[in-house]
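Asker: Please see the structure below; I have some questions.
There are 6 protein chains.
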Amino acid sequence: MKILVINGNTSEEMTADIDRTAKKFARPDTEITTIRPAYGPRSIEGHFEEYIASAAVLEEVARHRDEYDAFILACYSDPGLAACREITDKPVLGIAEASMHLASQLGHKFSVVTVLPRVKPLLENLVRYIGLENKCASIRCTDLTVLEVESDPDRAVRELTEEAGKAVKEDGAEVICLGCAGMGPLDKRIEKEVGVPVLDGTVSAVKTAEILYDYQLKTSKVAAFAWPEKKELVNTSPVLQKMCDGN
Amino acid sequence: MKILVINGNTSEEMTADIDRTAKKFARPDTEITTIRPAYGPRSIEGHFEEYIASAAVLEEVARHRDEYDAFILACYSDPGLAACREITDKPVLGIAEASMHLASQLGHKFSVVTVLPRVKPLLENLVRYIGLENKCASIRCTDLTVLEVESDPDRAVRELTEEAGKAVKEDGAEVICLGCAGMGPLDKRIEKEVGVPVLDGTVSAVKTAEILYDYQLKTSKVAAFAWPEKKELVNTSPVLQKMCDGN
Amino acid sequence: MKILVINGNTSEEMTADIDRTAKKFARPDTEITTIRPAYGPRSIEGHFEEYIASAAVLEEVARHRDEYDAFILACYSDPGLAACREITDKPVLGIAEASMHLASQLGHKFSVVTVLPRVKPLLENLVRYIGLENKCASIRCTDLTVLEVESDPDRAVRELTEEAGKAVKEDGAEVICLGCAGMGPLDKRIEKEVGVPVLDGTVSAVKTAEILYDYQLKTSKVAAFAWPEKKELVNTSPVLQKMCDGN
Amino acid sequence: MKILVINGNTSEEMTADIDRTAKKFARPDTEITTIRPAYGPRSIEGHFEEYIASAAVLEEVARHRDEYDAFILACYSDPGLAACREITDKPVLGIAEASMHLASQLGHKFSVVTVLPRVKPLLENLVRYIGLENKCASIRCTDLTVLEVESDPDRAVRELTEEAGKAVKEDGAEVICLGCAGMGPLDKRIEKEVGVPVLDGTVSAVKTAEILYDYQLKTSKVAAFAWPEKKELVNTSPVLQKMCDGN
Amino acid sequence: MKILVINGNTSEEMTADIDRTAKKFARPDTEITTIRPAYGPRSIEGHFEEYIASAAVLEEVARHRDEYDAFILACYSDPGLAACREITDKPVLGIAEASMHLASQLGHKFSVVTVLPRVKPLLENLVRYIGLENKCASIRCTDLTVLEVESDPDRAVRELTEEAGKAVKEDGAEVICLGCAGMGPLDKRIEKEVGVPVLDGTVSAVKTAEILYDYQLKTSKVAAFAWPEKKELVNTSPVLQKMCDGN
Amino acid sequence: MKILVINGNTSEEMTADIDRTAKKFARPDTEITTIRPAYGPRSIEGHFEEYIASAAVLEEVARHRDEYDAFILACYSDPGLAACREITDKPVLGIAEASMHLASQLGHKFSVVTVLPRVKPLLENLVRYIGLENKCASIRCTDLTVLEVESDPDRAVRELTEEAGKAVKEDGAEVICLGCAGMGPLDKRIEKEVGVPVLDGTVSAVKTAEILYDYQLKTSKVAAFAWPEKKELVNTSPVLQKMCDGN
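Chains as they are written, first to last, in my numbering: chain H, -5 to 241; chain L, -5 to 241; chain R, -5 to 241; chain D, -5 to 241; chain P, -5 to 241; chain S, -5 to 241.
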């Protein structure tokens, strides 16, 4: 099968890293292509960047919807997830959502360890959107920016391990989700330190895409993710307009 | 005070209607300007349009943030609300959020009556985001599109009254929120029919903006809506880039 | 418009303070009268006093229901709120309820800082009654009595600021509600200290009353707050009996 | 042991009925006295009457607190429950609360069948206050007033049986709670008709009082129901003032 | 009445202790027999033992269902509770469930103090199964095993008192439930230390059984606990097979 | 990889059916063995059978824990899931849990369609145990027994399609989970009829096992599913005793 992984931000290094991560545990017959959007923020650390990235990511899914069998939004805010699910019936996976569903089957509760404190409310709302608030022990932040995770992985391992340890000891977490696409290379290192399962979102999403594809499952088109209504998009990219021209 | 009302969609007629609605119950000293974004869908009836509109609305708030005292997102999906709150500390109101908070103080529970059934999941998630799921009796849809609400108000009154009546009789609603910015002109007509308070979102948001302004309240900058981090937005509108250049 | 503010307790100084607070941010054309009930506790710090005050406050609303356009119960337990909403269809505002709804539109979550620890369970239940438990980060108490808030405002500012700071740092609060009517004079002082929006309940209720009045909204009479049934009240104040004689 | 049962309303016939009900399943060594308050509504069918009754009931508990071993508030809105628990450490039982806790141990979910539709929101809030919202299948109303339950028990059985049947068939109820103190004489008749356990509140509370007494359990005085603070109650009944003079 | 108390584990000493506890506050006319299952773990400290014990306990209820008026599962995981309720319509009580329902009527919230940390997730799920998650302040563990509670009661009192004290001070607990059947002898000792009501589960269940019996209440047979369907149990104890042969 | 699928019941035909289903969408390199327990009910339609089956299934996992890479409990009540997770750190999947997590990623909400009405409460509790109650639109029953699903698949398709259709139209379901292991052969037939994704639990669990294995994830051993404590199991199967002899 062919999977398109879309880095939510426009950092080239991070795109390369996500690509490597996505391929690490993929099956031999899974073809993965990782891209970044044509425009948007270098990193996503708040709602502002998330909303810009959502539109940019949406455009990539629109552009490539016939070329791939599944799409992965590789940013831990799952930017534009619901919208992307409207313009294709092939599986679209958010890396937060995918990792949290897998984590829920490995322990009583999971925690997310992530970057700057400002993303905590955003992730709290995301967990509620996903519907797993009763399985989430806590969301714990560090003082790492997204790009520092990339540039200083050793420090990232150190700080994330510390917060993960506190999540286990103080919050009742039994599984850890890494709350940033850039943390993919660190999963097994942190797992060894903390002693509980540690999940990267991109890997989780790739693996989930594989099984949805195998089981021939598609996104439900009955209401939430029905095809867009026919309508005019004023001054908007033709690739998006095409999504509203009937499916 | 000066309020900028931003219609989420690009329909000219609807923008004019929203403008009239916004002014209907405003105080004499409240100056209201209503605009539509430079690009985007003619109407918003799903996540796809919502996400495009979010970015477009965000750009308008960014462009005008120094000219107004408060900003209102006049689409009942509150598109881009959290992001807009990051780029200014002046009040930013969503019309769904504002109407639901007022409705909660007028009866035990409220229901939302709105357009096509496909928006029901979107609004269910919105109610949870807003945090009022325990005050919301139901979300009831009609077969009206957003533009049909505009073009055939009599039919809209008829259909919305019917669903509102069912919400009261069957779901335990005691107050009705009109779930589309285009329904503003119909509030008091439907109220008379149904016999319970009926709230339009735009009016609710304008009035809430007035009192937040009077009480000198600003959006909290402590985490969820902190100013954007300094960073590069690649190939993105300069007006948005400016938001990331420090505040 | 004319608003009747009813201090829940019978303290004269506090009634004067509440009156000043109520007028501080009111519109010039809002006429505010502040009274205290004919009987009842000097201060409210538990359910016992609250229930006595509820009946006393109810009697004041009954007595004056034709003279004012809106009624405000100026005690942070919102004593008798539901009952008062039955005997008039004009807006009746609780200061806790009003402040929490406004606070919810200024940040991800709010906390309440208040008097003695014994009121914490009472306020936890109140938040659930209001329906905003998912927006409330915490309720934090001090060792201040209600009357000490009045008599030693500097100490009150100091202690409330400390708890508010902890609410922000430890509990994820982004907005603070002052959990006692007597704290009205302190809102902007504490706001300056803590650096997040701080809301007084009385001001919040006065401002909300203004906009409900402007928008011509009344309390729903469909069930929860329907007019009282006709019936005899034995040995009860005639002003209350009148409420049951048909509306 | 000696139990004081306080009818929330001032109806003499109903007080006699409650007295008979309270004694029906009591142990031989349980002495039950049933009284009605010195003032207040003939029946309670809304918040207005409930709040007046709360103060009246509170006064009875205050007056008799040294003479009995436990107190039962025999009105299905549990009027003044929290306040009464502050002025004594002996068990104080609400008939709604007691019946719902027992019902929860007899089936997956319970429903309440009760009087006029206007009490439904009140009972919904009460269930949330009690904390059993996840065990409550539904609250179903009839068009019976409280006094009609008394005066026409056959009609009451008929209407309550019908709603109870619907609760079982449509809402998933497996146990029925009778939502009015006046329904006590009907429990076993309705149980026979519906075929699931039917609980009267007064009996439930009497029986629960017996076992709390046997097990030497008292109300916790640590916060929610701590003894009232010392303070002046202006123009208030001396029996209530005494509660604030130190315990 | 005759009550069968079944210790979930096979420890002889603990069975004797539970028997003494069960009788301590029982009425003179309540005949209590306490047994342990024919097979199973010496103590229950996880799901593994719980599931083995569930089947073993189920067999005891099946064997004795005609000889007793009520059945009590005396292990704080309420092992097999739902299954036991299917094979008889006489009251079957879980000691966790019974104690939590009583505790809820004595304070705003209760906490459970118990043995090893590994049972915390199990008890969290149990509280949700019981439906009292909104009344439960916390579950606090010690490093005591079940058998150490038996063998060193003084240490148990010390450690449980410490955790109970923290539950009151830090978590908002007002009542304490002892989370292990072996803690029965310690209830009043710990109560004296902590100063809030302390409930043992076995006593709570015995007392609740007494009143359900008095009030002639039976388990609802309408769905969750309907009699088992007729069917073959392959290679299974005849006493269990008999449960499926029609009732 | 090698997966052991354990049919919860002892029906030979159903075991064969589950085996075929488990292999239908498995990867070529996944080796699947399907067994039934040595003892227990022919079918599981209530808590009674579930608890007997739990112990029987547990014994099979214990017996084979070293021979397989993952274990699947192929009964839609996930019998003994938590206990099985204690005795191995290899993935143990419940078919209900696995299918609900996948379903959650294909639509706004899912419904379960299943056998006799008596299992509805059991499944409601299971959904809460799994933590997905906010993603579950409804549980809908038919009058099919488990064995009738096997013996008359056409009738099963007809009845399940009807309930699934109602779940979509009336309850807001967008995805359907088949609530019985015996329904595996029907998934794509019902999907074609209903027009929304339909998931079988066994397939879902097999596919999830594959990816947990690929990603080298194991069950967390930190608390909920820690290895059993060392202890004696009296008169219990040696294969179970071995689980308590240290790992």
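The beta-carbon is built from N, C-alpha and C at its ideal position, and this holds for glycine as well.
(1) Measure the Cβ-Cβ separation of A175 (chain D) and A64 (chain D) and say whether it is below 8 Å.
(2) Just mark Q210 (chain R) as buried or exposed, buried being the case when its beta carbon has 16 or more other beta carbons within 10 Å.
(3) With DSSP run on the structure shown, which of helix, strand or coil describes N1 (chain L)?
(4) Would you tell me roughly how many angstroms separate the C-alpha atoms of N119 (chain L) and E44 (chain H), rounded to the nearest one?
(5) Output the distance between the C-alpha atoms of K114 (chain S) and G40 (chain S), rounded to the nearest integer angstrom.
(6) For S105 (chain S) versus R134 (chain S), is the C-beta distance shorter than 8 Å?
(7) State buried or exposed for N229 (chain P), treating a residue as buried only when at least 16 other CB atoms are found within 10 Å of its CB.
(8) State yes or no: is the C-beta of C78 (chain R) within less than 8 Å of the C-beta of N3 (chain R)?
(9) Taking 8 Å as the cut-off, decide whether the C-beta atoms of L234 (chain H) and G173 (chain H) are in contact.
(10) L100 (chain L) and P232 (chain L) - do their beta-carbons sit closer together than 8 Å?
(11) Which one or two residues does DSSP pair with D194 (chain H) in a beta bridge?
(12) Considering just the uninterrupted stretch of the alpha helix (DSSP H) at A32 (chain L), what are its terminal residues?
(13) Please confirm if the stretch 46 to 57 of chain P is in contact with the stretch 79 to 93 of chain S, defined as three or more CB-CB distances below 8 Å between the two stretches.
(14) Spell out a yes or no on whether the stretch 176 to 184 of chain L and the stretch 141 to 152 of chain L are touching, meaning 3 or more CB-CB pairs, one atom from each, closer than 8 Å.
(15) Counting C-beta neighbours from all protein chains within 10 Å, is the total for K129 (chain L) 16 or more, i.e. buried, or is it exposed?
(16) Grouping DSSP H, G and I as helix and E and B as strand, with all else coil, what is S105 (chain L)?
(17) Who are the near neighbours of H58 (chain R) in its chain, counting only those whose CB is closer than 6 Å to its CB and skipping five residues on each side?
(18) So within the stretch 185 to 234 of chain S, which uninterrupted alpha helix (DSSP H) runs reach at least 4 residues, ignoring any that extend past its ends?
(19) In whole angstroms, what separates the C-alpha of S132 (chain P) from that of A161 (chain P)?
(20) Would S145 (chain S) be called buried (16 or more neighbouring beta carbons within 10 Å of its own) or exposed?
(21) Could you run through the stretch 126 to 143 of chain H and flag, in chain order, every residue whose CB is less than 8 Å away from some CB of chain L?
(22) Looking only at its own chain, which residues have a Cβ that is under 6 Å from the Cβ of K212 (chain H), when we skip the five neighbours before and after it?
(23) May I ask you to list, following chain order, the residues of the stretch 99 to 116 of chain H that have a beta carbon less than 9 Å from some beta carbon of chain R?
(24) What residues from chain R crowd round E204 (chain L), counting only those whose CB sits closer than 7 Å?
(25) Looking at the unbroken alpha helix (DSSP H) that takes in G166 (chain L), where does it start and where does it end?
(26) A10 (chain D) and H102 (chain P) look like a contact to me (Cβ under 8 Å); what is the Cβ gap, rounded to whole Å?
(27) Out of R:V188, R:A32 and R:T108, state which residue places its alpha-carbon closest to the alpha-carbon of A47 (chain R).
(28) Any C-beta of chain R within less than 7 Å: which residues of the stretch 59 to 80 of chain D qualify?
(29) I want to verify the contact list: residues of chain R whose CB lies under 8 Å from the CB of L211 (chain L), in sequence order.
(30) Who are the neighbours of V228 (chain H) on chain L, taking C-beta pairs under 8 Å?
(31) To the nearest angstrom, how far is it from the Cα of A56 (chain D) to the Cα of Y62 (chain D)?
(32) At 9 Å on the CB atoms, spell out the chain P contacts of F19 (chain D), in chain order.
(33) Terminal residues of the continuous alpha helix (DSSP H) containing F65 (chain L)?
(34) Thinking C-alpha only, which one of S:K182, S:P111 and S:S5 is nearest V302 (chain S)?
(35) When the Cα of R112 (chain D) is compared with those of R:M(-5), R:P222, R:R122 and R:K163, which residue comes out closest?
Answerer: So, to answer that:
(1) Within the fourth sequence, numbered from 1, the residue matching residue 175 (chain D) stands at position 181. Within the fourth sequence, numbered from 1, the residue matching residue 64 (chain D) stands at position 70. Taking 8 Å as the Cβ cut-off, A175 (chain D) and A64 (chain D) do not qualify as a contacting pair.
(2) Here residue 210 (chain R) refers to the residue found at position 216 of the third sequence. Exposed, by the Cβ-count rule.
(3) On the second sequence, position 7 is the one that residue 1 (chain L) refers to. Reduced to three states, the DSSP call for N1 (chain L) is strand.
(4) Locating residue 119 (chain L) in the second sequence gives position 125, where the first residue counts as 1. Locating residue 44 (chain H) in the first sequence gives position 50, where the first residue counts as 1. Looking at the two C-alpha atoms, the distance is approximately 18 Å.
(5) The residue you call residue 114 (chain S) lines up with position 120 of the sixth sequence. The residue you call residue 40 (chain S) lines up with position 46 of the sixth sequence. Approximately 10 Å between the Cα atoms of the pair.
(6) Position 111 of the sixth sequence holds residue 105 (chain S). Position 140 of the sixth sequence holds residue 134 (chain S). Yes, the Cβ-Cβ distance between S105 (chain S) and R134 (chain S) is below 8 Å.
(7) The sequence position of residue 229 (chain P) within the fifth sequence is 235, counting from 1. So N229 (chain P) ends up on the exposed side.
(8) Position 84 of the third sequence, counted from the start, is the residue given in the question as residue 78 (chain R). Position 9 of the third sequence, counted from the start, is the residue given in the question as residue 3 (chain R). Taking 8 Å as the Cβ cut-off, C78 (chain R) and N3 (chain R) do not qualify as a contacting pair.
(9) Taking the first residue of the first sequence as position 1, residue 234 (chain H) is located at position 240. Taking the first residue of the first sequence as position 1, residue 173 (chain H) is located at position 179. Against a cut-off of 8 Å, the Cβ pair of G173 (chain H) and L234 (chain H) comes out as no contact.
(10) Looking up residue 232 (chain L) in the second sequence gives position 238. Looking up residue 100 (chain L) in the second sequence gives position 106. No; because the gap between Cβ atoms is not below 8 Å, this pair is not in contact.
(11) Residue 194 (chain H) sits at position 200 when you count from the first residue of the first sequence. For D194 (chain H), which the question treats as bridged, DSSP gives the partners H:L172.
(12) In the second sequence, the residue the question calls residue 32 (chain L) occupies position 38. Element bounds for A32 (chain L): n/a, residue is neither H nor E.
(13) no
(14) yes
(15) Walking along the second sequence from the start, residue 129 (chain L) turns up at place 135. The residue is buried, with at least 16 neighbouring Cβ atoms inside 10 Å.
(16) Here the question's residue 105 (chain L) lines up with position 111 in the second sequence. If DSSP states are grouped into helix, strand and coil, S105 (chain L) belongs with the strands.
(17) What you label residue 58 (chain R) is simply residue 64 of the third sequence in a count that begins at 1. Within the same chain, H58 (chain R) has close Cβ partners L(-2).
(18) 195 to 208
(19) The residue given as residue 132 (chain P) occupies position 138 in the fifth sequence. The residue given as residue 161 (chain P) occupies position 167 in the fifth sequence. Rounded to the nearest angstrom, the two C-alpha atoms are 7 Å apart.
(20) Translated into the one-based positions of the sixth sequence, residue 145 (chain S) becomes position 151. Flag for S145 (chain S) reads exposed.
(21) T139
(22) Counting from 1 along the first sequence, the entry for residue 212 (chain H) is found at position 218. Around K212 (chain H): D83.
(23) K114, P115 and L116
(24) Here residue 204 (chain L) refers to the residue found at position 210 when the second sequence is read from its first residue. The answer, in chain order, is I205.
(25) Residue numbering aside, residue 166 (chain L) sits at position 172 when the second sequence is read from its first letter. Looking at the DSSP string, G166 (chain L) is not in any alpha helix (DSSP H), and its letter there is neither H nor E.
(26) Here the question's residue 10 (chain D) lines up with position 16 in the fourth sequence. Here the question's residue 102 (chain P) lines up with position 108 in the fifth sequence. Going by Cβ atoms, the distance from A10 (chain D) to H102 (chain P) rounds to 35 Å, so no, they are not a contact pair.
(27) As a position in the third sequence, residue 47 (chain R) is number 53, starting the count at 1. The residue with the shortest Cα to Cα distance from A47 (chain R) is R:A32.
(28) G74, A76, A77 and E80
(29) Position 217 of the second sequence holds residue 211 (chain L). Within chain R, the residues near L211 (chain L) are L96, L100, P191 and L193.
(30) Against the first sequence, residue 228 (chain H) aligns to sequence position 234. Near V228 (chain H) (Cβ distances below 8 Å), the residues of chain L are T4, Y33, G34, P35 and R36.
(31) Stepping through the fourth sequence from its first residue, residue 56 (chain D) is reached at position 62. Stepping through the fourth sequence from its first residue, residue 62 (chain D) is reached at position 68. Straight-line Cα distance between these residues: approximately 11 Å.
(32) Position 25 of the fourth sequence holds residue 19 (chain D). Per Cβ cutoff of 9 Å: I205, D208, Y209 and Q210.
(33) In the second sequence, counting from the first residue as 1, residue 65 (chain L) sits at position 71. It is not in any alpha helix (DSSP H) - F65 (chain L) instead sits in the beta strand (DSSP E) that spans A64 to A68.
(34) Outside the shown range of chain S (-5 to 241) lies residue 302 (chain S), about which nothing can therefore be said.
(35) Looking up residue 112 (chain D) in the fourth sequence gives position 118. Residue R:P222 is the option with its Cα nearest to R112 (chain D).
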